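Using UniProt numbering, the first residue of the sequence shown is number 1, and each one after it goes up by one.
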Amino acid sequence: MNKTFTFLFIYLAFSHITHSQNIDWVKQIGGTSEDVILSVDTDANSNTYSTGYFANTSHFDEITLNSIGYFNGFVTKTDTNGTILWAKSFGQPNDGDINDYHSVIPRSVAVDANGNVIITGYFEAGEFDADPGNGEFILTSNSYEMFIVKLDSNGEFIWATSFGATENSFENIYDVETDINGDVYVTGFYSGNISIDHAAGTDFISSKGSNDIFIMKFDASGYYSWMYSVGGPDSDISIDMEVTSNGEIYITGQYRDSATFYEPFFMGSPVILDTTEGYKAIFALKLDTNGNFINVIKIGEAESSAIGMSLAVGMNNYVYLTGHYGGILTSNIGSSNEFNLNSDNNYEGFIAKVDFNNNNVKWIKEIDGANSSVYSFAVDTDSNNILHIAGFFGETLNVGSFNLTKQTTNAQENFLIAMNDSGDYLSAHQFGGLDAVDTQSLVIDDNDNIILGGSFKETVNISPFSSENISITSLGFRDNYILRLSNNTVLSTKTNTLQTNFKIYPNPTSDYLIVSKNNLNEKLNYIIFDINGKSILSGVTENKEKINLNTLNSGVYFLSINNQNTFKFLKK
């Protein structure tokens, strides 16, 4: 199903402005069985790529894929209009036994600067044909094995590799990223020993507990570069990773009891994070492009069960981290910042701003579910450093001045919230249906479009906006959805009739703007939009405090105060 909407973006001065996203298109993918999207990414031209797994038969617009064995992997490319350009499947060889219940489960997808597509995940014992085209590239394993597959922008095979631990245990690559050179970075967890042969010899890592964390780097041709291991006596996992333009690597996840994040070969002391026995805490780890340890920060102390699910690197290399926790979430990193959140008897979501350069957690904000649980799964930043966070909640969700209540009788509804760099919430939206909607991935492309991907059951209204109802119904047990929202801000044709005592000056202005109101002591959230309705600057100000406009070019702009009062001004 593909539905496209057109909105009016431009209106005359003193129009009412609301910070929102418009629905570009919705794509439904699925068949009569199980279909699950686990990851989405975009390229420089704003095409969308997705990966996941399916069973039996699955439909991708006019393309039909059939699985061999049990679950097969898929990867798709969708253009900016929501048309699927190609869809590929990979699993057992074509002559494999359709009754063989071995599976191939892709977990993550990334697109490099040249439009090449990298898919990672795991496959079960047996043969796996990593070439989704007419050729064959067979990978084999006696147990679980992790894989990396690289395709070109047309979905044609380039190379593939696989590796695994010696133990007969479950292991997986949870995330894949690329750098500006096309190098490939993967992270996940393993148990036992991993050894990789290369031109200079053999490298190996060994787990200290039931599960340990690994990070690996391969070059653009698939040749191994290095690997790094983190772990302790219990179970530790990495979930998400970001690689910056200069090759810095950031990873988040969870460790239990204690974990060693740096162990020197010769001089120096190891870096060990711990928490109360039996409890789980969050780590945020930073490595350089050669896999050298730089820093690690923990969030969570005694009496917490917390996990970092996603991170994003914003302006000035601040790292924004989201996830959820049960119990007490604390952080006393930094000389002046100490935070304590309490989830009572439920799980709550959180978003944190981390400053690795100064070893400091700048702030932590709670995503509160009141008397029900909230799980936060994904965060990304747009070009204006606005944070967008996705997850789901059980009954209610309270963030800042926004309060959401579940509109359906199902177990959960999804949320999409936005906040600025200071931790102030700018908007909150929800969507759901008769059964579960499971948003697995969120990514923002180079044009600030927001793409959500996940799966759903039964009939759901996939629109996050109350003004639109876009119902889709699964063909089988579970289907997939991809939703693209344009991050333009709507300037509606409704004239702002709100009574206000706010004043802005000077207008016209050269360098700054001041907002004033008599007897005002509270802080004000502001967003500045250009004439096309695109948000270009946001922050928090106080009565008669200067808003710096030095980064703005000359022209007409709109200033929105607390998403209610809007003023037109001229930058000279």
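Beta carbons: idealized from backbone N, C-alpha and C, even for Gly.
Small disclaimer: the values here were computed from a predicted structure and weren't measured.
Asked                                                                                                                                                                       : Found
For the putative contact between Phe-293 and Tyr-255, defined by C-beta atoms under 8 Å, what is the C-beta separation to the nearest angstrom?                             : With 8 Å as the limit, Phe-293 and Tyr-255 do not qualify as a contact, their Cβ atoms being about 15 Å apart.
Can you check whether the CB of Ile-37 is closer than 7 Å to the CB of Asn-359?                                                                                             : no
To the nearest whole angstrom, what separates the beta carbons of His-102 and Glu-136, a pair I think is in contact under 8 Å?                                              : Not a contact, Cβ separation roughly 17 Å.
Hey, how far is the Cα of Tyr-223 from the Cα of Ser-238?                                                                                                                   : 23 Å
Give the single residue among Thr-42, Asn-384, Ala-411 whose Cα lies nearest to the Cα of Gly-394.                                                                          : Ala-411
With respect to the beta strand (DSSP E) encompassing Pro-106, which residues constitute its N-terminal and C-terminal limits?                                              : 104 to 111
Going by DSSP in three states, Thr-489 sits in which element: helix, strand or coil?                                                                                        : Because the pLDDT at Thr-489 is just 39, under 50, the model does not fix this residue reliably, and the value given afterwards should be weighed accordingly. Coil at Thr-489, not helix or strand.
Relative to the alpha-carbon of Thr-120, which residue among Pro-270, Asp-131, Asn-403, Val-186 has its alpha-carbon at the smallest distance?                              : Val-186
Please tell me whether Ala-55 and Ser-67 are closer than 7 Å, where the distance is taken between their beta carbons.                                                       : yes
By a C-beta neighbour count over all protein chains shown, 10 Å radius and 16 as the cutoff for buried, is Phe-502 buried or exposed?                                       : buried
Residues bridged to Leu-452 by DSSP?                                                                                                                                        : Leu-442, Leu-483
Taking the alpha-carbon positions, what's the Ser-207 to Asn-193 distance?                                                                                                  : 6 Å
Measure the CB-CB distance between Ile-462 and Val-26 and report whether it falls below 7 Å.                                                                                : yes
With a 10 Å radius around its C-beta and 16 neighbouring C-beta atoms as the bar for buried, classify Lys-544 as buried or exposed.                                         : exposed
Look up Asn-518 in the DSSP assignment and say whether it is helix, strand or coil.                                                                                         : coil
Are Gly-268 and Asp-234 touching if we call contact CB-CB under 7 Å?                                                                                                        : no
I'd like the list of long-range same chain contacts for Phe-204, defined as Cβ closer than 8 Å, with 5 residues on each side in sequence excluded.                          : Asn-193, Ile-194, Ser-195, Ile-196
Assign Ala-44 to buried or exposed, taking buried as 16 or more other Cβ atoms, counted over all protein chains shown, within 10 Å of its Cβ.                               : exposed
Could you pull out every residue in the same chain whose Cβ sits closer than 6 Å to the Cβ of Asp-24, ignoring the five residues on either side in sequence?                : Arg-484, Ser-486
Using the Cα positions of Ile-417 and Ala-428, report the straight-line distance between them to the nearest angstrom.                                                      : 4 Å
What number of angstroms, rounded off, separates the C-alpha of Ser-143 from the C-alpha of Glu-338?                                                                        : 46 Å
Which two residues bound the contiguous beta strand (DSSP E) that contains Ile-249?                                                                                         : 249 to 256
Drop a sphere of 10 angstroms on the beta-carbon of Asn-22, count the other beta-carbons inside from all chains shown, and report buried for 16 or more, exposed for fewer. : buried
For Asn-181, does the three-state DSSP call read helix, strand or coil?                                                                                                     : coil
Going by the DSSP bridge assignment, what does Glu-413 pair with across the sheet?                                                                                          : Phe-393
Taking 7 Å as the threshold (C-beta atoms), are Gly-326 and Ser-310 in contact?                                                                                             : no
Are Gly-314 and Asn-384 close, meaning C-beta to C-beta below 7 Å?                                                                                                          : no
Helix, strand or coil for Asn-316, going by three-state DSSP, please let me know.                                                                                           : helix
Hey, Gly-400 and Tyr-375: beta-carbon distance below 7 Å or not?                                                                                                            : no
At which residue ranges does the stretch 258 to 287 contain complete beta strand (DSSP E) runs of 3 or more residues, listed in the order of the chain?                     : 258 to 262, 271 to 274, 280 to 287
Using DSSP's beta-bridge definition, name the partner residues of Leu-139.                                                                                                  : Phe-128
My guess is that Asp-183 and Lys-217 are in contact by the Cβ rule of under 8 Å, so how many angstroms apart are they, rounded?                                             : 6 Å
Have a look at Gly-432, Gly-454, Thr-289 and flag the residue whose alpha-carbon is nearest the alpha-carbon of Asn-469.                                                    : Gly-432
On the three-state DSSP scale, how would you describe Glu-366?                                                                                                              : strand
In the DSSP assignment, the beta strand (DSSP E) including Leu-552 goes from what residue to what residue?                                                                  : Note, Leu-552: premise wrong, no beta strand (DSSP E); not H, not E.
State the Cα-Cα distance for the pair Tyr-228 and Ser-162, rounded to the nearest angstrom.                                                                                 : 17 Å
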